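Residue numbers (the working numbering), protein chains in the order written: chain A, 20 to 329; chain B, 807 to 1338; chain C, 625 to 1000; chain D, 392 to 712.
C-beta atoms are modelled at their ideal positions from N, C-alpha and C, and glycine is treated no differently.
This structure is a prediction, so every number in the text was calculated from the model and none was measured.
For reference, the structure discussed in these notes is given below.
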Ligand SMILES: Nc1ncnc2c1ncn2[C@@H]1O[C@H](COP(=O)(O)OP(=O)(O)OP(=O)(O)O)[C@@H](O)[C@H]1O
Ligand SMILES: Nc1ncnc2c1ncn2[C@@H]1O[C@H](COP(=O)(O)OP(=O)(O)OP(=O)(O)O)[C@@H](O)[C@H]1O
Ligand SMILES: [Mg+2]
Ligand SMILES: [Mg+2]
């Protein structure tokens, strides 16, 4: 029988240009391939997560994908109520027999783009703009910093956080100001992990003739020539796989940790940025990537000890 | 608005008030309701050109409403308006101004934080950019001031002028717009005798230039002094027209109220007792560093009424506020039944009330009442902490309501409804409510400011009688008023204040208007010196 | 010309006109829905059914209503003192912080019956404290309360992010959330409460704080209209000079009113933190503080009006979510649009239909009478 | 250090521009007696309209016109509710903010299918920085060079417009007939009415001024400072502008200074992030992010006297009680 899949997007909304949109692209791809449509809901406040998940389960949806770490408590509750429904959560771990938890090694992907940034930088200063000062974003920043320092021990990494309210994920104006201030201090490559705020960062990079790095999905097309690359976090694949595995009868619960080795994270190279990435850079990054996969190079995970000491 | 045309040219070649010329104003069957209240019922009025026409009537009789209709501020439900014999539709003040009507409202229509010139040119500017308008307005203002002897500082802020000056600004506003008909709604309610006299001189010279004037007032003396004709309103209806020469105060009073009214009070000689209030070198300096009350000393004894006369703005208001604990003392002090208050000792109105000091404030709406409250709530303002009204947590609604009903009955407050919103009572009745609140608690010292401002004669009579009976019951009364009539008829002793100082004292039986007037202008020969 | 002033019965004013206004809002929303191929009538049905149609729906609607009652009352109390408190959002946030900190400290050692009153006090105290600073600055330093409360909203969110990320987060957790409270630190859900009495009710986030909200309505009503503090607040709000004349210190009244206001806003923390999430987390206020402004003004600053307005908003939140759930074409932004239209028509344009409806009423009522008159 | 300060001042101009425009808009509205907390919504709607038109037509000027037109439309809606129908001004403002926040995204999805964002507009369809003559040449001259080339030169047209709007607003408010009437109607509408001027007419005109200025502010956000519309991109700036206007006591120049102060504090805060203080170590980001707000409160408490609003603001004008 056909499955009846569902996805519950988080507060950013399915068009946040990064995380949720990645999931959206993944499930759209599934829909296009199989012709199976899915239910969806975008939450607008903390309480709706549980409501939406439960409603999906009640309506017989299976599997149900929850997007974002904030949905973890809700999934935990609802998955217990509906032991026969399969759930998947992206970016958090919920230890239940009917839940698949997908987490990413963002630090590995960020490490690679940090290398690219430092290799490309002429000033030796690279920048990072985060949305909000939360652990996930610190994880991105920490990996990025390691990557930059890996290729240039004296590289300077400037960090800025956008704000403290949910508006911080949708404030291109402030993103633009943060980027300008970093450029003013000599930064020439900036990496944004800040949702819609990134739009302002990329635009400013373009206006100032500097380079920017996108996040989550491949954002290279947003400002061709300015986008040095994008750190890919394959939430689209994770969501697609959740649906596909259920459809094909290959469903498995448990934790999936997706890093470079699993192609869960990576960096984007396409016609929009191929002129920016020289063969040397390419070689260095590929080598580091292989080392990380092989375990020869380890990237410190901020989450492992809540600090960025490496 | 085009440039204000000097009016004399029109007036000069027109014979003044001819019998055959059509009335300057004719109102036919004007009807106006505000919701359920019918403020004007088929009112007719005819005003001769070049005459001063008085309109009198109790509070709420509909005078202001009628004039506001003539001025286009309200639109009548029914009726016709003829100006100079020509039927005119007046739907807004703009129409009225175009028809040559100007109005000085009972409550001034000035913008407090704008200068006099700006207030005057508002709506009658000569162009889109002010610079030229200001110049034109100044020139015209100078001319008007010269012609009518109406001087005001054109650059002063309207809100900072004394009321008398504010009124001049209102008159100048009307003249500036070339008014040929001038309506004045209770213009003298806030003026000193000197200011009133001056106003009447101005009205007289306007009349000579051919201006038609409609004058609303509660003061029959003024009607008799300046008007040519008089109309009486009662309960929304126009009930009588008289030629002033052929009527008398008594007749008008009776027409107005519908019963005989005593126009003067007879009171017994005072039985003055122990000193209740002794003020010594009391001073108050305001934030700008101006001494508002300057080393004032006097005493008030139980069973006497001490009146303080003075042109408004000479420190009387501040004196009352000091004595009632609203303003802090700068230096000096006073003792109240032996208890001493001075600069160091912080006062507050609640503590003064506990000492049985009652205070009827000068401006009932600004500080004596809360417009949005039910009457019963306004009737406990200041006494709301009294255990009679409030327990540990909750207020005792029944007690408050009964108390208010009793006060309303005792003081004839109409309508006698404790639940009615305060704003819905007429001025006179609001005043009675305040007085009832303050008097009914047997104060040892009663501070009264302007007790009858804007109140009709029926109510004045009532209020005066109550103040005198307070005195007779042994209270000390300090009365501040700019009405010399009131001061003279109520007080046992009269102090005169000028620029924050007490410049003289006169026993009531020696006082007359001329003497007090001179003292108020600080022009009197030193007579009895400063009271100690 | 103007007919003799006829009597308009009260139900026209309090029931018919608001209904017409809401109908107008839905009419305009209907046009928008129709352009995106959603049947407006079905949509309306979905909203109403989704908000009131079954026990779970009612639970959610009342859960939102609870928040709006708290923030609406908060705005109203300040308003009676003549103060415009835009800071409900921040006060709710900090109130929740107080609850959360308290429970995190107490839940291992104290029983529920002690934790509950302490939590209520803590939420009130923290919310009041967050309102007291702007109040003090307004009363004694002349700072404008609108500016300071706006600023304090931002400061509150910065403080919360700092605490959640650096202090209160569970070690190793991705999510800036505190640990879950122990059971005695959780306010029972209403479905649990009904369960105690043997009634089967579907689960929803509705919890005992709805009862507290109802109590607060009564308390606020009594406080404002039946105590002398309320009397003093209303006096200062309506006429400050009269307040001074009456021996009331306006500065103390300002601080008092804002503290009460902040405390009420802080109770959102009871509902959200202790009642629903059972942990401290970011953004649980979700704009309820701002919506409280509209709730209070639409409810004419009176508890009864505030309850009605809160119900309306609760219905829009819950019914709107159901609409977005049922109709794939309806996005959450469309639901926001509909909410905006409802506030516009039944709040801002509340008087637009008054005249026409009253006139229509008089014509209809008159139409019934006239034939009778002719016969007589 | 000096150069850093210079850059902060430069950023101040950019950040303050929409605040100044909105504060002047609010000033017109509130001076006429209509409280406007819908600045945010008007600005957001204008930002959307401008970005949409710029994306479709490629003309920055058409975009500006569209932004202003939409914003004026909303201002008139506010007027219709508050002036004509005497609705509650705050509720109306809140309604407009919420309505716009939803509607811009709904329309954005319907028209551009990019999740409520508009496509990025090319530089030709934007207001891009203008380099003043000789800016490059003098850039290296000490002091004057950077002052001229960094501070004065190199902003987009709308920044200059905003700073010209301030003296213009001052001139209109204090030196023209309209301004005289505007000030009067906010203080005492009865005085205006009895002077034969229509209170509603005046207030509607003030609303139009307010709408025009918010329109410029929104256009600046989406196609000058940025190059696309992103949902809710105003991020509370309308409220900050409102605060600045009150801070400036409803007067143009002080309000502008308040906006500049806020922009400056913001620019400083951005540059302070990550700075380590000797002994204490790194300051928490959140403390620095809260700094502009904390400093505003402190300044407000310390130096600015009581602000008195136009007396009639917030109260619908009714002649007959
Ligand atoms: N704006 C208004 N709204 C509703 N009712 C009003 C209004 N103005 C006046 N009224 C009603 O009209 C009646 C006449 O009031 P008006 O002010 O004309 O009296 P008045 O003769 O001027 O009294 P006073 O001598 O106290 O000035 C009042 O009884 C009142 O009910
Ligand atoms: N909103 C209202 N509805 C009904 N009647 C009102 C209303 N407002 C005032 N009144 C009535 O208006 C009459 C006069 O009220 P008004 O406001 O004119 O006071 P006032 O006479 O002007 O006072 P003063 O002459 O001292 O200035 C009273 O009879 C009062 O009952
Ligand atoms: Mg009158
Ligand atoms: Mg009157």
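Taking only three categories from DSSP, how would you classify residue i?
{"i": "residue 189 of chain A", "result": "helix"}
{"i": "residue 85 of chain A", "result": "strand"}
{"i": "residue 562 of chain D", "result": "helix"}
{"i": "residue 1000 of chain C", "result": "Since pLDDT at residue 1000 of chain C reaches only 33, below the 50 mark, its modelled position is unreliable, and the value read off the structure follows with that caveat. Three-state DSSP puts residue 1000 of chain C in coil, outside helix and strand."}
{"i": "residue 34 of chain A", "result": "coil"}
{"i": "residue 814 of chain C", "result": "helix"}
{"i": "residue 99 of chain A", "result": "helix"}
{"i": "residue 520 of chain D", "result": "strand"}
{"i": "residue 850 of chain B", "result": "strand"}
{"i": "residue 952 of chain B", "result": "helix"}
{"i": "residue 1067 of chain B", "result": "coil"}
{"i": "residue 1273 of chain B", "result": "helix"}
{"i": "residue 476 of chain D", "result": "coil"}
{"i": "residue 700 of chain D", "result": "coil"}
{"i": "residue 913 of chain B", "result": "coil"}
Quick one, which of the options has its alpha-carbon nearest residue i's?
{"i": "residue 254 of chain A", "options": "A:262, A:247, A:248", "result": "A:262"}
{"i": "residue 1296 of chain B", "options": "B:1174, B:1177, B:1112", "result": "B:1112"}
{"i": "residue 806 of chain C", "options": "C:853, C:734, C:700", "result": "C:734"}
{"i": "residue 704 of chain C", "options": "C:858, C:741, C:831", "result": "C:858"}
{"i": "residue 663 of chain D", "options": "D:646, D:651, D:683, D:652", "result": "D:683"}
{"i": "residue 918 of chain C", "options": "C:675, C:709, C:661", "result": "C:709"}
{"i": "residue 214 of chain A", "options": "A:201, A:48, A:249", "result": "A:249"}
{"i": "residue 399 of chain D", "options": "D:657, D:553, D:451, D:580", "result": "D:657"}
If the cut is a Cβ gap below 7 Å, which residues of chain B does residue i touch?
{"i": "residue 488 of chain D", "result": "Within chain B, no residue comes near residue 488 of chain D; the closest Cβ sits about 29 Å away, beyond 7 Å."}
Is residue i a contact residue of ligand 1, with contact defined as CB to any heavy atom under 7 Å?
{"i": "residue 843 of chain B", "result": "yes"}
{"i": "residue 869 of chain B", "result": "yes"}
{"i": "residue 992 of chain B", "result": "yes"}
{"i": "residue 620 of chain D", "result": "no"}
{"i": "residue 891 of chain C", "result": "no"}
Under 7 Å Cβ-Cβ, which residues of chain A neighbour residue i?
{"i": "residue 581 of chain D", "result": "Ordered by position in chain A, no residue passes the 7 Å Cβ test against residue 581 of chain D, which lies about 42 Å from the chain."}
{"i": "residue 684 of chain C", "result": "70"}
So with CB distances below 9 Å, who are the chain C contacts of residue i?
{"i": "residue 483 of chain D", "result": "967, 968, 971, 972, 973"}
What residues from chain D crowd round residue i, counting only those whose CB sits closer than 7 Å?
{"i": "residue 778 of chain C", "result": "681, 684"}
By the criterion of Cβ-Cβ separation under 9 Å, what are the contact partners of residue i in chain D?
{"i": "residue 196 of chain A", "result": "402, 405, 406, 616, 657, 658, 661"}
Give the interface partners of residue i over in chain B, defined as CB-CB distance under 8 Å, in chain order.
{"i": "residue 567 of chain D", "result": "934, 935, 936"}
Name, please, each residue of chain C whose Cβ falls closer than 8 Å to the Cβ of residue i.
{"i": "residue 664 of chain D", "result": "In chain order: nothing, as chain C lies at least about 12 Å away."}
Take every Cβ of the segment 840 to 854 of chain B, pair it with every Cβ of the segment 313 to 326 of chain A, and state whether three or more of those distances are shorter than 8 Å. The answer is no - the segment 313 to 326 of chain A does not touch the segment 840 to 854 of chain B, with fewer than three Cβ pairs under 8 Å.
Is the number of C-beta pairs between the segment 894 to 911 of chain C and the segment 57 to 77 of chain A that are closer than 8 Å three or more? yes
Kindly confirm or deny that the segment 676 to 696 of chain C and the segment 828 to 845 of chain C touch, where touching means at least three C-beta pairs closer than 8 Å. yes
Check whether the segment 397 to 412 of chain D touches the segment 465 to 478 of chain D, taking contact to mean three or more Cβ pairs, one atom from each stretch, closer than 8 Å. no
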